[in-house]
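Residue 315 in numbering that gives the first Met the number 0 is what sits at position 316 of the sequence shown, and the numbering runs on without skipping anything.
All C-beta atoms in this analysis are idealised placements derived from N, C-alpha and C, irrespective of residue type, glycine included.
Read the structure below first, then the notes.
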Amino acid sequence: MVKNMTQHKKAHEAILQGISLHQANSLPQAIVFYEKALKFQANNAIALSNMALALQSLGEVEKAATNFKKAIKIKPDYSDAHYNLGNLQQEQGDLSQAIKSYEKAIAINPNNAVFHCNLGNAIYQQSKLEKAAISYKKAIALQPDFAMALSNLALIQTAQGQVNAAILNHQKAIAAQPSYAKAHYNLSRTKKDTGLTELQLMQDLLAHATNSNDKMYFNFAMGQALLNIKKYPQAFACFVEANNHARSEFHFDINDEKFLFTYFHKFFNADFFKKRESYGHIDKTPIFIVGMPRSGSTLIEQILASHPDVYGAGELHILKEILLKNTPSNLINQTPETIAQKDFAAIDQLGAEYINKLRDINQNAKFIINKLPANFLYIGIIKLLLPNAKIIHSTRNPADTCLSIFQIKFSEHQPYAYNLVELGQYYRLYSEMMNHWHTLFPGFIYDLCYENLIVNQEGETRKLLQFCGLDWQNSCLDFFKNSRQVESASNIQVRNPIYPSSVKRWQRFERELKPLLDVLGDLNTEN
Numbered sequence: 000m001v002k003n004m005t006q007h008k009k010a011h012e013a014i015l016q017g018i019s020l021h022q023a024n025s026l027p028q029a030i031v032f033y034e035k036a037l038k039f040q041a042n043n044a045i046a047l048s049n050m051a052l053a054l055q056s057l058g059e060v061e062k063a064a065t066n067f068k069k070a071i072k073i074k075p076d077y078s079d080a081h082y083n084l085g086n087l088q089q090e091q092g093d094l095s096q097a098i099k100s101y102e103k104a105i106a107i108n109p110n111n112a113v114f115h116c117n118l119g120n121a122i123y124q125q126s127k128l129e130k131a132a133i134s135y136k137k138a139i140a141l142q143p144d145f146a147m148a149l150s151n152l153a154l155i156q157t158a159q160g161q162v163n164a165a166i167l168n169h170q171k172a173i174a175a176q177p178s179y180a181k182a183h184y185n186l187s188r189t190k191k192d193t194g195l196t197e198l199q200l201m202q203d204l205l206a207h208a209t210n211s212n213d214k215m216y217f218n219f220a221m222g223q224a225l226l227n228i229k230k231y232p233q234a235f236a237c238f239v240e241a242n243n244h245a246r247s248e249f250h251f252d253i254n255d256e257k258f259l260f261t262y263f264h265k266f267f268n269a270d271f272f273k274k275r276e277s278y279g280h281i282d283k284t285p286i287f288i289v290g291m292p293r294s295g296s297t298l299i300e301q302i303l304a305s306h307p308d309v310y311g312a313g314e315l316h317i318l319k320e321i322l323l324k325n326t327p328s329n330l331i332n333q334t335p336e337t338i339a340q341k342d343f344a345a346i347d348q349l350g351a352e353y354i355n356k357l358r359d360i361n362q363n364a365k366f367i368i369n370k371l372p373a374n375f376l377y378i379g380i381i382k383l384l385l386p387n388a389k390i391i392h393s394t395r396n397p398a399d400t401c402l403s404i405f406q407i408k409f410s411e412h413q414p415y416a417y418n419l420v421e422l423g424q425y426y427r428l429y430s431e432m433m434n435h436w437h438t439l440f441p442g443f444i445y446d447l448c449y450e451n452l453i454v455n456q457e458g459e460t461r462k463l464l465q466f467c468g469l470d471w472q473n474s475c476l477d478f479f480k481n482s483r484q485v486e487s488a489s490n491i492q493v494r495n496p497i498y499p500s501s502v503k504r505w506q507r508f509e510r511e512l513k514p515l516l517d518v519l520g521d522l523n524t525e526n
């Protein structure tokens, strides 16, 4: 008994030393003390869980997950271990398991607002917004000044067209935590009449911000606010600063993209498809909208989704998920070679798997849209797996597209987006890739120009519906009356009738955009 008490005391002391080092961000040293604690007391769940947190921060994901699970096995009612395992699973993209872990944590400790908020975050990532809102509301009920829950609930309200409610909740989040930079950014994207008082507050907060991520969000928010009051040079300076902060957080080499694009370009050639002319699943359900972000794809989806035969499912990653699952070592770059090795039946099965996943989203619609712009790279795979799919290529003036990209922080990783030269280089790669697909598959891809749609809404809508095999519906002209959920950065714009103010916006910033325009060269027809 005495020995056990001594061992427990020594383990406890080692854990406290580990926590102290952990808080000072001395993670390897903290792990040494957690390991020391476990030598004194091998079944100490707290030491295992804390060591898992340190390992996760060091990128040792598998070891971290193992230690969280060991802690839970020793102490099944350890709510923090369930919660932290959920965070790790969410970080790794395993949303289903993350949700289960969060739910276990909540079952043990239902009054923890943070648990409910992170459960909402995981559900949100699954695009189950109504269900996510329930979790955020529970978090707010437990902690009314929970800034993250308030602001994230506001994002859902924006997606659902409840703009006034969204603005109110963003403002509540800022009142509760004025330094919450992301809430300021979200508000700036939602509220188009930012006042000088709000702008001054952000400037003051930025002056005292020490975190690079906060500086990024404040600059994006201030840039948007300055745009709203037509102070264009000052706005662009903020966007440059914001993008510099964003770009500093990761490694990116445009040459890696060049290699990948060239590989897809060479592998998917006329000979490849001639040998596989009859391959693929014949179902006609899918409509893909592809292109660059901020090129009008959300508007096209909103128009089509206003037709009674069409369901707009938003940006779905299911194609890439299927490819990853069927590619050795989970390397998407190996996809063409893996696909090439599959026979007729295997290709048909992959296409059927895509359709089944679509039908899990909607059972009844004649057509279901996947509006993930980055699918432009996989058009060759779409043609092989789903030869009767419809592909709509959303196009817009290159400089306007790139400017619009440069002015926002993407929720998903878009590494090319935060430097004007890299953005222009990536745009050229995309343009060359689309030229390749058009040459390879004449008539398979329908180009819809954003500027043409603005000038001739009805004419372009009629041609679009005809390409998709849809009859005319007046509701497609009144797309802005459609109350469907829209999650993209254009979710407010598509609640309004078509307007021309987004055309030739780049000309306001011609001097500032020179690095981009030099790279775009002849691609920018207005330059």
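Roughly how many whole angstroms lie between the Cα atoms of residue i and residue j?
i, j, result
"leucine 428", "phenylalanine 260", "7 Å"
"valine 502", "proline 109", "50 Å"
"asparagine 329", "glycine 92", "For asparagine 329, the predicted structure reports a pLDDT of 49, less than 50, and the residue's modelled location is therefore unreliable. The matter cannot be settled from this model."
"glycine 290", "aspartate 308", "23 Å"
"lysine 178", "leucine 204", "In the sequence as presented, lysine is not what sits at residue 178; that position holds serine. Looking at the two C-alpha atoms, the distance is approximately 6 Å."
"glutamine 527", "asparagine 361", "Lying before the first or after the last residue shown, residue 527 is absent from the chain, which here runs from 0 to 526."
"asparagine 49", "asparagine 43", "10 Å"
"proline 514", "tyrosine 449", "24 Å"
"isoleucine 18", "lysine 35", "13 Å"
"alanine 364", "tyrosine 310", "6 Å"
"threonine 65", "leucine 47", "9 Å"
"tyrosine 417", "methionine 433", "22 Å"
"aspartate 347", "histidine 280", "5 Å"
"isoleucine 367", "leucine 357", "7 Å"
"cysteine 116", "isoleucine 98", "11 Å"
"isoleucine 155", "alanine 132", "7 Å"
"glutamine 89", "valine 60", "12 Å"
"valine 454", "serine 500", "12 Å"
"leucine 52", "histidine 7", "21 Å"
"proline 27", "leucine 128", "39 Å"
"leucine 84", "serine 100", "7 Å"
"phenylalanine 67", "alanine 80", "6 Å"
"leucine 419", "glutamine 506", "15 Å"
"alanine 70", "threonine 193", "49 Å"
"leucine 149", "tyrosine 123", "14 Å"
"methionine 201", "phenylalanine 405", "20 Å"
"methionine 147", "serine 403", "26 Å"
Cβ of residue i within 7 Å of any heavy atom in the ligand GTP?
i, result
"alanine 158", "In the structure shown, the ligand GTP is absent, as is every other ligand, since no ligand is present at all."
With distances taken Cα to Cα, identify the nearest neighbour of residue i among the options.
i, options, result
"alanine 220", "Tyr278, Ser247, Gly350, Lys190", "Lys190"
"serine 56", "Leu87, Tyr82, Thr65, Val31", "Leu87"
"tyrosine 82", "Lys72, Leu94, Lys69, Glu102", "Glu102"
"tyrosine 135", "Arg507, Gly119, His316, His306", "Gly119"
"serine 305", "Lys480, Ile14, Gln465, Ile354", "Lys480"
"threonine 533", "Gly423, Asp517, Phe272", "As displayed, the chain neither begins before 0 nor continues past 526, which places residue 533 out of reach and without an answer."
"lysine 181", "Phe508, Asn451, Asp446, Lys408", "Lys408"
"isoleucine 381", "Pro372, Ala13, Glu411, Gly350", "Gly350"
"leucine 315", "Lys324, Gln406, Ile288, Thr326", "Ile288"
"leucine 476", "Glu457, Phe343, Leu463", "Glu457"
"isoleucine 105", "Asp270, Ala138, Gln301, Lys130", "Ala138"
"threonine 196", "Ala224, Leu149, Glu431", "Ala224"
"glutamate 421", "Leu323, Val518, Phe249", "Val518"
List the whole-angstrom C-beta distance separating residue i from residue j, where the pair is believed to meet the contact cut-off of C-beta under 8 Å.
i, j, result
"alanine 112", "glutamine 161", "The pair is not a contact, with the Cβ atoms about 22 Å apart (cut-off 8 Å)."
"leucine 383", "tyrosine 278", "6 Å"
"isoleucine 378", "tyrosine 353", "Contact doesn't hold; Cβ gap of about 14 Å is too wide."
"isoleucine 286", "leucine 298", "Actually they are not in contact, since the Cβ atoms of isoleucine 286 and leucine 298 sit about 15 Å apart, beyond 8 Å."
"serine 296", "proline 372", "6 Å"
Let's test the definition: count the other Cβ atoms within 10 Å of the Cβ of residue i and tell me whether it reaches 16, buried, or not, exposed.
i, result
"asparagine 396", "buried"
"tryptophan 471", "exposed"
"proline 335", "buried"
"arginine 293", "buried"
"serine 247", "exposed"
"glutamate 459", "buried"
"alanine 41", "exposed"
"glycine 520", "exposed"
"arginine 510", "exposed"
"aspartate 213", "buried"
"proline 75", "exposed"
"leucine 157", "According to the sequence provided, residue 157 is threonine. The question's leucine does not apply to it. Looking at its Cβ environment, which holds 16 or more other Cβ atoms inside 10 Å, threonine 157 is buried."
"phenylalanine 217", "buried"
"asparagine 242", "buried"
"aspartate 399", "buried"
"glutamine 199", "exposed"
How about residue i: is its C-beta nearer than 8 Å to some C-beta of chain C?
i, result
"asparagine 374", "Given the protein chain composition of this structure (a single chain), no chain C is represented."
Are there three or more Cβ pairs, one per stretch, closer than 8 Å when the region 383-400 is compared with the region 247-266? Contact fails: fewer than three Cβ-Cβ distances are below 8 Å.
How do the region 231-248 and the region 167-178 stand: do at least 3 beta-carbon pairs fall below 8 Å, yes or no? The region 231-248 vs the region 167-178: no contact.
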